[in-house]
Structure formats: C-alpha cells, structure tokens
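Q:
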Amino acid sequence: MLEEEGLVSSEWIESVKSLLKGLGARFEAEESVRIHIGDAVAEVMEREGGFAVSISVEVPKTLALGEVDRYADAYREMLRLIARAGLEPGYELDTSIGYAFLRAVLTVKDLEELLSILKKMLS
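Position 91, counted from 1, in the sequence shown is what the numbering used here calls 91; the numbers after and before it change by one each time, with no gaps.
Here it is in structure tokens:
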C-alpha cells in the first residue's frame with residue numbers, strides 16, 4: 001500500500017490540496033478530498049494499490065420540468081470530467097442515503113498519475 005512506498009496518507013492529501021489551490025478549485029479535505037464542480041462532486045480517496053476518483057451527480061426521484069436543465073447540466077459536467085481524464089470508469093448507483101447518486105469511479109495507480117488526471121479534469 002502507500003505506506004509501504006514511503007507515502008503516508010497525509011502526504012498525498014497535501015499534494016492534492018496544493019494542486020487544487022493552484023487551480024482555484026473549491027474543495028474540502030479530511031480522509032479524502034471532495035472537489036465541487038458545479039452540481040457534480042469529485043471525491044479522491046485512497047484505495048488498495050492506489051487511488052480512486054469518484055465523480056457523483058444526484059439522480060432525481062421525482063422531477064419537475066423546471067429542474068431538467070440542472071440535472072442535465074450536472075450529468076454533462078460528469079461526462080466532461082470523465083472525457084478529460086481519459087480513463088474508463090466503472091459506474092455505481094448509490095441509493096443508501098435516501099436519494100440516489102450516479103457515481104463514475106476512475107482508478108489511478110499512483111500519486112503522479114492522480115495529480116496529472118486531476119489537472120486534466122479541472123483545466
């Protein structure tokens with residue numbers, strides 16, 4: 001894992017935070033880093049053997065005509081982020097908290113690749 005490679009958890013978070021500050025991104029960091037991009041949220045977290053970037057958008061249970069554009073724009077933003085990353089995502093539908101989120105998960109093997117992908121996604 002990352003500790004075996006000499007990289008402790010807080011070091012990768014500091015590297016990601018530094019990059020995001022330089023890009024002017026809105027984010028919050030704890031055990032993971034959550035980046036706010038319009039109505040989409042990208043969460044960066046450690047995974048066994050590397051990192052995952054999870055891009056989430058809300059899926060409405062009910063939908064009024066006036067809300068269509070907002071949800072379509074969020075999905076469009078998710079697709080743009082995936083296209084910029086240039087990686088094949090896995091998809092998940094999370095309904096565990098009472099409302100649904102569509103999540104695209106990108107797997108990244110190391111910190112250098114992670115920082116490169118984030119630059120592409122947010123530039």
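Heads up, the beta-carbon is just placed ideally off N, CA and C, and yes, glycines get one too.
From a predicted model like this one, the values you see are computed outputs, not experimental measurements.
Mind checking whether M133 and A104 have CB atoms under 9 Å apart?
A: Any answer about residue 133 is impossible in this case: the structure gives the chain only from 1 up to 123.
Q: Do V53 and V44 have their CB atoms nearer than 9 Å?
A: Reading the sequence shown from its first residue, position 53 is the one you call residue 53. Reading the sequence shown from its first residue, position 44 is the one you call residue 44. Contact: yes.
Q: How is the beta strand (DSSP E) around S54 delimited, first residue to last?
A: Translated into positions along the sequence shown, residue 54 becomes position 54. 50-59 is the extent of the beta strand (DSSP E) around S54.
Q: Among E92, Y91, G22, which one has its Cα closest to the Cα of L122?
A: Residue mapping note: residue 122 aligns to position 122 of the sequence shown, counting from 1. The option with the nearest alpha carbon to L122 is G22.
Q: Among the residues of its own chain, which have a CB less than 6 Å from the CB of R26, if the five just before and after it don't count?
A: For this step, residue 26 is matched to residue 26 along the sequence shown. Within the same chain, R26 has close Cβ partners H36.
Q: Using three-state DSSP, classify I117 as helix, strand or coil.
A: The count along the sequence shown starts at 1 and reaches residue 117 at position 117. Looking at I117 - three-state DSSP - the assignment turns out to be helix.
Q: DSSP three-state call for G38: helix, strand or coil?
A: Walking along the sequence shown from the start, residue 38 turns up at place 38. Looking at G38 - three-state DSSP - the assignment turns out to be coil, as it is neither helix nor strand.
Q: Starting from L106, trace the beta strand (DSSP E) in both directions and tell me its first and last residue.
A: Reading the sequence shown from its first residue, position 106 is the one you call residue 106. Element bounds for L106: 100-108.
Q: Taking E88 as the reference, which of L106, I97, D73, G98 has the closest Cα?
A: Translated into positions along the sequence shown, residue 88 becomes position 88. Out of L106, I97, D73, G98, L106 has the C-alpha closest to the C-alpha of E88.
Q: Can you tell me the Cα-Cα spacing of E113 and G50, whole angstroms?
A: Counting from one through the sequence shown, the residue named residue 113 turns up at place 113. Counting from one through the sequence shown, the residue named residue 50 turns up at place 50. The straight-line gap from Cα to Cα measures roughly 10 Å.
Q: Measuring only the C-alpha atoms, how far is L115 from K17?
A: Within the sequence shown, numbered from 1, the residue matching residue 115 stands at position 115. Within the sequence shown, numbered from 1, the residue matching residue 17 stands at position 17. So the alpha carbons of these two residues sit roughly 10 Å apart.
Q: How big is the Cα-Cα spacing for E14 and D94?
A: As a first step, residue 14 must be located in the sequence shown, where it is residue number 14. As a first step, residue 94 must be located in the sequence shown, where it is residue number 94. Using only the alpha carbons, I get a separation of about 28 Å.
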